[in-house]
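One structure below.
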Amino acid sequence: MDIFLDILISASLWATVLRIATPLILGTLGELVCERAGVLNLGIEGIMTLGAMVGWMTVYQGGDLWTGVLVAALAGMLAGLLHAALTVPLGLSQHVTGIGVTLLATSLSYYTYRLVLPQATTPPTVTPFQPIGDGSLLGSLPVIGPVLAQQTPLTYFALAAVVVVAWVLHRTPVGLAVRMVGENPAAADAQGLNVTGVRIGAVMAGSALMAVGGAFLTLSAFNAFFFNMINGRGWICIALVVFASWRPGKALLGALLFALFDALQTRLQQVSGAAIPYQIYLMMPYVLSIVALIVMSRRAAYPRALMVPFRKGER
Amino acid sequence: MRLEARTAVPLWLTLAAPAGAVLTAFVLCAGLIAWSGAPVLEAYGRLLAGAFGSRFALTETLTRATPLILTGLAAAVAFRAKLWNIGGEGQLYLGALAAVAVGSGVISLPAPLLIPVVMLVAMAAGGLLLLGPAFLKTRLGVDEVVTTLLLNFIVLLFVSMMLEGPMKDPMAMGWPQSAPVVSDAELPRLVPRTRLHLGLVIAVLAAVAVWVIKSRTVFGYEIRSVGSNPRAAAFAGVPVNWVVLRVALLSGGLAGLAGASEVMGRTGYLTLDMSPGYGYGGIVIAMLAQLNPLGCIAAALLVAGVFVGADAMSRAVAVPNYIADVLVAASLLCMLVGMLLVRYRLRWR
Chain P
1 MDIFLDILIS ASLWATVLRI ATPLILGTLG ELVCERAGVL NLGIEGIMTL GAMVGWMTVY
61 QGGDLWTGVL VAALAGMLAG LLHAALTVPL GLSQHVTGIG VTLLATSLSY YTYRLVLPQA
121 TTPPTVTPFQ PIGDGSLLGS LPVIGPVLAQ QTPLTYFALA AVVVVAWVLH RTPVGLAVRM
181 VGENPAAADA QGLNVTGVRI GAVMAGSALM AVGGAFLTLS AFNAFFFNMI NGRGWICIAL
241 VVFASWRPGK ALLGALLFAL FDALQTRLQQ VSGAAIPYQI YLMMPYVLSI VALIVMSRRA
301 AYPRALMVPF RKGER
Chain H
1 MRLEARTAVP LWLTLAAPAG AVLTAFVLCA GLIAWSGAPV LEAYGRLLAG AFGSRFALTE
61 TLTRATPLIL TGLAAAVAFR AKLWNIGGEG QLYLGALAAV AVGSGVISLP APLLIPVVML
121 VAMAAGGLLL LGPAFLKTRL GVDEVVTTLL LNFIVLLFVS MMLEGPMKDP MAMGWPQSAP
181 VVSDAELPRL VPRTRLHLGL VIAVLAAVAV WVIKSRTVFG YEIRSVGSNP RAAAFAGVPV
241 NWVVLRVALL SGGLAGLAGA SEVMGRTGYL TLDMSPGYGY GGIVIAMLAQ LNPLGCIAAA
301 LLVAGVFVGA DAMSRAVAVP NYIADVLVAA SLLCMLVGML LVRYRLRWR
């Protein structure tokens, strides 16, 4: 039990939690924006892969880090536009289209990576975002300072994104429009809103956030691009959106909680040694996601028009 | 622009849709091949020759198509009942694991008995795996797409644990692979000196069986009614949840059979890199076939051809062979639009 407490109060654990949580926060926020507008975006896994590859490639080719993040966001928007174009005006199955977007974005990323670097056996690296350090304002705070000092700017970007998305969704006319087309598109249409336009815009914005989440992995958490590096994080984000009841604040909480479990299991794994096969630990995030879905299933208040295509003039 | 439902869909249009979709995907991907600096037409020529151009190429494509027919059927059956089973990959691996568990010497029976027993066990494993998400869907309304996707990762880790632990082959020089299936559980070769095995015949028979179930039995009628309108089906007295659970068993079973056919016919033992995404490929095949079981055979041949051909093309003109995955994914998206154009007419005003 003492070991457990020691782990819980160590600054390095909480620093790890924030690092693990960052891509999940961005991915969950992105998916949340899409779903609030009534579009399930299963392209998330592929869009995160695309963001990771494009962001890294931009920096590798000589761009600076923020340019890499921007290019990743733009690539995410393009993939989001593809998903939205097929599911919103054409009303195609959001499930199958999303899987298609994931397959396309993933394979395009791998193809491009191999085309540019045909013979890379050890993945080439870039200089990633650096922690903000002890000397910074946040790093010199008491108690939480050491945790905050170890974070990179993209983590702060993710935390700011939570506030911005929450504010836009709940306090601005744009957010009201997004929530309205996700709850009752016919009523939104009667109010003179362009349902198709709002939905496409929301999916593109959400996809940009997902792609930045992917770019965090190659430009901040690691310094190279690996195949399969997203490793189901996108699907976990979809479960987290349900867990968060489609609220940005709860999405942050869910991502942090999830990251805490993930960080703890890594520590416990080091303590317990080889008594339990390591695969059991690696399974935990996925098992936890399914458990979260089951726990929330009774209370899940899905946006009413989620996965319901809207065609003007049709009942 | 608006969409107008067609009153009748001509047969030629139904057949033209997948052809048009694949052709469009090839045209779109020509840009990617040109980007790599390779001559596009020669590259596609190499792809075609590598897939269908020689006796060896043809048997390789048929070998590749065998698991794809089965995973395509698994997706087609489930999608017909609007059960979005994206877990074909996990069901395939669990089926393969079950096949090596019972097929590697635990029970000894003559081959004509052992082969069906091993296959049934694999089907049961795959079917039971999908039963969980189907149960969560019918009982608690948990979206089965996410649960089946997450289960893929869990199953792969479970297989990895088994292959590095209790089921590791002690004779495998430390590689994480299972003990081989006994020779009585091996599927015989169809053509000597190639890898083509009896699994192909089994897959084709499975397609015929699924077609009969779909269009000639009460269960098939129930599947179609649940898929097109569950509420109306419930009013008509169809036990909707029970139908979904039985579909789950059938769909997961077919994917599990794909895994068994691979270890019993092609590899002989199970490794973690056995499937290059056959489960996900099944989704593409089901859509290209417009969920028609017999169409899955043709669609699987096409997709298998793209993968086998892309390897040949990659060797000849140095285009990364991930182009095959891009081609297949693009075909899926084009096909979705194609299916829309089959069902609806575009009016520009």
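For the record, the sequence lines run as chains P and H.
For the record, in the first sequence the residue sitting at position 142 is 142 according to the UniProt record's numbering, with numbers rising by one throughout.
For the record, in the second sequence the residue sitting at position 301 is 301 according to the UniProt record's numbering, with numbers rising by one throughout.
We treat Cβ as the ideally placed atom computed from N, Cα and C, and that holds for glycine.
key: Cα-Cα separation between Ile7 of chain P and Ala211 of chain P, rounded to whole angstroms   = Taking the first residue of the first sequence as position 1, residue 7 of chain P is located at position 7. Taking the first residue of the first sequence as position 1, residue 211 of chain P is located at position 211. So the alpha carbons of these two residues sit roughly 32 Å apart.
task = Out of P:Gln279, P:Leu260, P:Ile290, P:Pro303, state which residue places its alpha-carbon closest to the alpha-carbon of Ala15 of chain P.
result = Within the first sequence, numbered from 1, the residue matching residue 15 of chain P stands at position 15. With distances taken between Cα atoms, Ala15 of chain P lies closest to P:Leu260.
ask   = Does the count of Cβ pairs from the segment 79 to 94 of chain H and the segment 296 to 315 of chain H closer than 8 Å reach three?
value = no
query = How far does the alpha helix (DSSP H) with Glu31 of chain P in it reach, from first residue to last?
reply = One-based indexing of the first sequence puts residue 31 of chain P at position 31. It spans 11 to 36 - the alpha helix (DSSP H) in which Glu31 of chain P sits, taken as one unbroken run.
ask   = What residues are listed by DSSP as bridge partners for Glu197 of chain H?
value = What you label residue 197 of chain H is simply residue 197 of the second sequence in a count that begins at 1. In the sequence under discussion, the amino acid at residue 197 of chain H is His, which differs from the Glu named in the question. Per DSSP, H:Arg189.
task = Report the residue from P:Leu209, P:Leu256, P:Ala275 whose alpha carbon sits nearest the alpha carbon of residue 329 of chain P.
result = An answer regarding residue 329 of chain P cannot be provided, because it is not within the stretch 1 to 315 covered by chain P.
request  = Output yes if chain P places a C-beta closer than 8 Å to the C-beta of Gly141 of chain H; else output no.
outcome  = For the purposes of this step, residue 141 of chain H is taken as the residue at position 141 of the second sequence. For Gly141 of chain H, the answer is yes, since a Cβ of chain P falls inside 8 Å of its Cβ.
ask   = How about the segment 204 to 220 of chain H and the segment 45 to 65 of chain H: do they share at least three Cβ pairs that are nearer than 8 Å?
value = no
query = Buried or exposed: which applies to Met173 of chain H, given that a residue is buried once 16 or more other Cβ atoms fall within 10 Å of its Cβ?
reply = On the second sequence, position 173 is the one that residue 173 of chain H refers to. Looking at its Cβ environment, which holds fewer than 16 other Cβ atoms inside 10 Å, Met173 of chain H is exposed.
8 Å Cβ cutoff, Tyr280 of chain H in contact with chain P = Taking the second sequence and counting its residues from 1, one reaches residue 280 of chain H at position 280. Tyr280 of chain H counts as touching chain P.
Selected residue, minimal CA-CA separation from Gly182 of chain P, among P:Gly38, P:Phe4, P:Thr28, P:Leu13 = For the purposes of this step, residue 182 of chain P is taken as residue 182 along the first sequence, with counting starting at 1. Checking every option, the nearest Cα to that of Gly182 of chain P belongs to P:Gly38.
inquiry  = Going by DSSP, what residue range makes up the alpha helix (DSSP H) through Leu97 of chain H?
reply    = Mapped onto the second sequence, residue 97 of chain H falls at position 97. Residues 88 to 103.
inquiry  = So Leu149 of chain H contacts chain P; which residues on that side make the cut at Cβ distance below 7 Å?
reply    = One-based indexing of the second sequence puts residue 149 of chain H at position 149. The contacting residues are Trp235.
message = What would DSSP say about Ala25 of chain H, mapped onto helix, strand or coil?
response = Your numbering for residue 25 of chain H matches position 25 in the second sequence. Looking at Ala25 of chain H - three-state DSSP - the assignment turns out to be helix.
key: Contact under 8 Å by Cβ, Phe225 of chain P with Pro123 of chain P   = Looking up residue 225 of chain P in the first sequence gives position 225. Looking up residue 123 of chain P in the first sequence gives position 123. Contact flag set, yes.
query = When the Cα of Ala188 of chain P is compared with those of P:Leu50, P:Lys312, P:Val59, which residue comes out closest?
reply = In the first sequence, residue 188 of chain P corresponds to position 188, counting from 1. It is P:Lys312 whose Cα lies nearest to the Cα of Ala188 of chain P.
inquiry  = Give me the chain H residues within the contact set of Met57 of chain P, using Cβ-Cβ distance strictly less than 8 Å, ordered along the chain.
reply    = Start at 1 with the first residue of the first sequence, and residue 57 of chain P comes out as number 57. What Met57 of chain P touches in chain H: nothing, since even the nearest Cβ is about 14 Å away.
query = What's the call for Val71 of chain P, buried or exposed, on a 16-neighbour Cβ count within 10 Å?
reply = Residue mapping note: residue 71 of chain P aligns to position 71 of the first sequence, counting from 1. With 16 or more other Cβ atoms within 10 Å, it is buried.
query = Under the three-state reduction of DSSP, which class applies to Ser272 of chain P: helix, strand or coil?
reply = Translated into positions along the first sequence, residue 272 of chain P becomes position 272. The answer is helix: DSSP assigns Ser272 of chain P an H, G or I state.
ask   = Any idea what DSSP makes of Leu40 of chain P, helix, strand or coil?
value = As a working mapping, residue 40 of chain P is identified with position 40 in the first sequence. Here Leu40 of chain P sits in coil by DSSP.
task = Can you tell me which of P:Leu65, P:Pro153, P:Met48 puts its alpha carbon nearest to the alpha carbon of Ser109 of chain P?
result = Residue mapping note: residue 109 of chain P aligns to position 109 of the first sequence, counting from 1. Checking every option, the nearest Cα to that of Ser109 of chain P belongs to P:Met48.
ask   = Would DSSP call Leu92 of chain P helix, strand or coil?
value = By one-based count along the first sequence, residue 92 of chain P stands at place 92. Three-state DSSP puts Leu92 of chain P in coil, outside helix and strand.
ask   = What separation, rounded to the nearest whole angstrom, lies between the Cα atoms of Ala205 of chain P and His83 of chain P?
value = If you number the first sequence from 1, residue 205 of chain P lands on position 205. If you number the first sequence from 1, residue 83 of chain P lands on position 83. Between Ala205 of chain P and His83 of chain P, the C-alpha separation is close to 12 Å.
key: Member of P:Ala305, P:Ser297, P:Leu306 whose CA lies at the smallest distance from the CA of Leu140 of chain H   = Here residue 140 of chain H refers to the residue found at position 140 of the second sequence. Out of P:Ala305, P:Ser297, P:Leu306, P:Ser297 has the C-alpha closest to the C-alpha of Leu140 of chain H.
query = For the segment 173 to 193 of chain H against the segment 114 to 122 of chain H, are there 3 or more C-beta pairs whose distance is under 8 Å?
reply = yes
query = Thinking C-alpha only, which one of P:Tyr278, P:Ala239, P:Val147 is nearest Gly165 of chain H?
reply = As a working note, residue 165 of chain H is residue 165 in the second sequence. Taking only the C-alpha atoms, the option nearest Gly165 of chain H is P:Tyr278.
query = So, using beta-carbon positions, are Thr148 of chain H and Leu136 of chain H closer together than 8 Å?
reply = Within the second sequence, residue 148 of chain H is the residue found at index 148, counting from 1. Within the second sequence, residue 136 of chain H is the residue found at index 136, counting from 1. Cβ atoms of Thr148 of chain H and Leu136 of chain H: not closer than 8 Å.
request  = Look at Ser36 of chain H and Val319 of chain H and say whether their C-beta atoms are less than 8 Å apart.
outcome  = Locating residue 36 of chain H in the second sequence gives position 36, counting from the first residue. Locating residue 319 of chain H in the second sequence gives position 319, counting from the first residue. The answer is yes: Cβ separation under 8 Å.
message = Looking only at its chain, what residues have a beta carbon closer than 7 Å to the beta carbon of Val247 of chain H, apart from the 5 residues adjacent to it on each side?
response = Sequence index remark: in the second sequence, residue 247 of chain H carries index 247 (1-based). Cβ neighbours of Val247 of chain H beyond the five flanking positions: Val77, Ala78, Ala81, Leu83, Ile223.
key: 7 Å Cβ shell around Ala263 of chain P - same chain, five flanking residues per side excluded   = Position 263 of the first sequence, counting from 1, holds the residue named residue 263 of chain P. The residues are Leu13, Thr16, Val17, Ile20.
inquiry  = At the 8 Å Cβ level, is Val164 of chain P part of the contact set with chain H, yes or no?
reply    = Here residue 164 of chain P corresponds to residue number 164 of the first sequence, with the count starting at 1. No, no contact with chain H.
query = Can you list the residues of chain P that Ile285 of chain H reaches, using a CB-CB cut of under 7 Å?
reply = Here residue 285 of chain H refers to the residue found at position 285 of the second sequence. Going along chain P, no residue has its Cβ under 7 Å from Ile285 of chain H, so there is no contact; the nearest lies around 12 Å.
query = What's the C-alpha gap between Ala177 of chain P and Val198 of chain P?
reply = Here the question's residue 177 of chain P lines up with position 177 in the first sequence. Here the question's residue 198 of chain P lines up with position 198 in the first sequence. Cα-Cα distance, rounded: 7 Å.
message = Quick check for students: name the residue ranges of the beta strand (DSSP E) that lie wholly in the segment 95 to 179 of chain H, counting only runs of 3 or more.
response = none
message = For the ligand SAH, is there any heavy atom lying closer than 7 Å to the beta carbon of Asn41 of chain P?
response = In terms of ligand content, the structure shown is empty, and the ligand SAH therefore cannot be addressed.
query = Leaving out the 5 sequence neighbours to the left and right, which residues in its chain are closer than 7 Å to Ile230 of chain P when beta-carbon positions are compared?
reply = The count along the first sequence starts at 1 and reaches residue 230 of chain P at position 230. Glu45, Met48, Thr49, Ala52, Gly214, listed in sequence order.
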